[in-house]
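Residue numbers (the numbering used here): 1122 to 1465.
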């Protein structure tokens, strides 16, 4: 079976999780009578995500289309959770860049596109929400092209396919419809076919010893901590001996208790995994994102994941409220500046 590993990236609220909902439903990840068929934001399972309506944690799912397994990584779009994008984007071989047809590319769009290009990912641009009254897809495409020109290191990065979509309705188009209504016929087959055409099949390297970079972590009430990543080479069986490697040095020996792959919203327990697939391993109690799991005879570590340091922006100004001057000794911006300069 062929495998495609893709990541969906965008600015917050541009429709990533809604598009994943439609992909899951149209690829028959659920039975017709399952409650998920009538739900939205299915991937946002965290209580805080449900409350705020945004994705906070990157999540993995998988759908099957034309005898191909498509592993999908749904990432946060909020700048505060950009580290989730950096930790998981290395598992993908292609990226779907979603841009709102009205808002256009915004700050986080630039950030996630930069990370995708640094990882040499092939890009599919999806202009989403073309049903908005103030949609301006042609202008937005020009803005995205300028963003590519700013960020791309070579000409090959400037080649990308563009689709148009209404993720909420589960429809994608090769060409922009002259008039879009809820009754406009369509589905996500154009997007799925483009994924098959544009994104490479994962190279299967089963002959060499097992190796996997830990990209993210999860927890199961029954088996404890799970490490998640893409198998870069070799194969692994349940019960096999493995070692945890940091800087080419083995720091612990373990045995695989459980192996999981992804299908729909579920983790499926399996006895064997092979190169190219995104998997979860149980049996290592203490580990860190960025470490490598390998065959005991070949403890070779992969490059660590680099995550940009978090930044804080603070704006300081004089009190402009009606109570200004009633409390505090200093009230003007000049005095604030002098006080801040003392901290240098």
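Positions of the beta carbon are idealized from the N, C-alpha and C atoms, including for glycine.
The model shown is predicted, which means the values in this text are computed figures rather than measured ones.
Rounded separation between residue 1236 and residue 1205 - CA only: For the purposes of this step, residue 1236 is taken as residue 115 along the chain shown, with counting starting at 1. For the purposes of this step, residue 1205 is taken as residue 84 along the chain shown, with counting starting at 1. If I take the Cα positions, the gap works out to 12 Å.
What does residue 1403 pair with, by DSSP beta-bridge criteria? By 1-based counting over the chain shown, the position of residue 1403 is 282. Looking at the DSSP assignment, residue 1403 forms a beta bridge with 1347 and 1379.
Given a threshold of 16 other Cβ atoms within 10 Å of its Cβ, counted over all protein chains shown, does residue 1387 qualify as buried or as exposed? Residue numbering aside, residue 1387 sits at position 266 when the chain shown is read from its first letter. When all chains shown are included, residue 1387 counts as exposed.
In whole angstroms, give me the CA-to-CA distance for residue 1272 and residue 1238. Numbered from its first residue, the chain shown carries residue 1272 at position 151. Numbered from its first residue, the chain shown carries residue 1238 at position 117. Their Cα atoms are separated by approximately 8 Å.
Three-state secondary structure (DSSP) of residue 1325: Translated into the one-based positions of the chain shown, residue 1325 becomes position 204. Coil at residue 1325, not helix or strand.
My output table needs one value for residue 1250: the three-state DSSP class, helix, strand or coil. Taking the first residue of the chain shown as 1, we reach residue 1250 at position 129. Note: residue 1250 maps to coil in three-state DSSP.
Less than 7 Å between the beta carbons of residue 1337 and residue 1366, yes or no? Position 216 of the chain shown, counting from 1, holds the residue named residue 1337. Position 245 of the chain shown, counting from 1, holds the residue named residue 1366. For residue 1337 and residue 1366, no; Cβs fall outside 7 Å.
Closest Cα partner of residue 1374 within the set 1406, 1392, 1352 and 1381: Within the chain shown, numbered from 1, the residue matching residue 1374 stands at position 253. Checked all of 1406, 1392, 1352 and 1381; the closest Cα to residue 1374 is 1406.
Tell me whether residue 1419 sits in a helix, a strand or coil according to DSSP, three-state version. Counting from one through the chain shown, the residue named residue 1419 turns up at place 298. Residue 1419: coil per DSSP, three-state reduction.
Secondary structure at residue 1434, three-state DSSP: helix, strand or coil? Against the chain shown, residue 1434 aligns to sequence position 313. Reduced to three states, the DSSP call for residue 1434 is coil.
Classification of residue 1207 by the beta-carbon crowding that lies within 10 angstroms, buried from 16 upward: In the chain shown, the residue the question calls residue 1207 occupies position 86. Result: buried.
Which residues DSSP lists as bridging residue 1356, in chain order: Within the chain shown, the letter at position 235 stands for residue 1356. Paired residue(s): 1395.
Let's test the definition: count the other Cβ atoms within 10 Å of the Cβ of residue 1172 and tell me whether it reaches 16, buried, or not, exposed. In the chain shown, the residue the question calls residue 1172 occupies position 51. Here the model assigns residue 1172 a pLDDT of 48, short of 50, so the residue's position is not dependable, and the following value carries that caveat. Residue 1172 comes out exposed.
For residue 1303, three-class secondary structure by DSSP: Your numbering for residue 1303 matches position 182 in the chain shown. Residue 1303: coil per DSSP, three-state reduction.
Out of 1136, 1146, 1132 and 1192, which one is the CA nearest neighbour of residue 1122? Here residue 1122 refers to the residue found at position 1 when the chain shown is read from its first residue. The shortest Cα separation from residue 1122 among 1136, 1146, 1132 and 1192 belongs to 1192.
Given this structure, state the Cα-to-Cα distance separating residue 1270 from residue 1279, to the nearest angstrom. Counting from 1 along the chain shown, the entry for residue 1270 is found at position 149. Counting from 1 along the chain shown, the entry for residue 1279 is found at position 158. About 7 Å.
Within 10 angstroms of its Cβ, does residue 1126 collect 16 or more other Cβ (buried), or is it exposed? One-based indexing of the chain shown puts residue 1126 at position 5. Residue 1126 comes out buried.
Rounded to whole angstroms, what's the CA-CA distance from residue 1363 to residue 1298? Just pull it up for me. On the chain shown, residue 1363 is found 242 positions in, with the first residue counted as 1. On the chain shown, residue 1298 is found 177 positions in, with the first residue counted as 1. Answer to the nearest angstrom: the Cα atoms are 53 Å apart.
Buried or exposed for residue 1136, please, with buried defined as at least 16 other CB atoms from any protein chain shown within 10 angstroms of its CB. Walking along the chain shown from the start, residue 1136 turns up at place 15. Per the 10 Å Cβ criterion, buried.
Spatial distance of residue 1223 from residue 1350 (CA atoms): For the purposes of this step, residue 1223 is taken as the residue at position 102 of the chain shown. For the purposes of this step, residue 1350 is taken as the residue at position 229 of the chain shown. If you take the alpha carbons of residue 1223 and residue 1350, they lie about 35 Å apart.
Does the separation of the CB atoms of residue 1218 and residue 1246 fall below 7 Å? Counting from 1 along the chain shown, the entry for residue 1218 is found at position 97. Counting from 1 along the chain shown, the entry for residue 1246 is found at position 125. Taking 7 Å as the Cβ cut-off, residue 1218 and residue 1246 qualify as a contacting pair.
Residues near residue 1356 by beta carbon distance below 8 Å, same chain, minus five either side: By 1-based counting over the chain shown, the position of residue 1356 is 235. Excluding positions up to five away in sequence, the list reads 1327, 1331, 1393, 1394, 1395 and 1396.
Let me know the secondary structure DSSP gives residue 1276 once reduced to three states. Stepping through the chain shown from its first residue, residue 1276 is reached at position 155. In the structure shown, residue 1276 sits in a helix (DSSP, three-state: H, G or I).
According to DSSP, simplified to helix, strand and coil, what is residue 1294? Position 173 of the chain shown, counted from the first residue, corresponds to residue 1294. Here residue 1294 sits in strand by DSSP.
I need the DSSP call for residue 1445, collapsed to helix, strand or coil. For this step, residue 1445 is matched to residue 324 along the chain shown. In the structure shown, residue 1445 sits in a strand (DSSP, three-state: E or B).
Work out the CA separation of residue 1252 and residue 1469 for me, nearest whole Å. Missing from the structure shown is residue 1469; the chain here goes from 1122 to 1465 and no further.
Run through DSSP, which three-state label would residue 1125 get? Translated into the one-based positions of the chain shown, residue 1125 becomes position 4. Correct three-state label for residue 1125: strand.
Assuming the contact rule is C-beta atoms closer than 8 Å, residue 1382 and residue 1400 should be a hit. Round their C-beta distance to whole Å, please. Taking the first residue of the chain shown as 1, we reach residue 1382 at position 261. Taking the first residue of the chain shown as 1, we reach residue 1400 at position 279. Confirmed, about 6 Å.
Does DSSP put residue 1256 in a helix, in a strand, or in coil? As a working mapping, residue 1256 is identified with position 135 in the chain shown. It is coil, neither helix nor strand.
Could you check the C-alpha separation between residue 1146 and residue 1190 for me, to the nearest Å? Indexing the chain shown from 1 puts residue 1146 at position 25. Indexing the chain shown from 1 puts residue 1190 at position 69. If I take the Cα positions, the gap works out to 15 Å.
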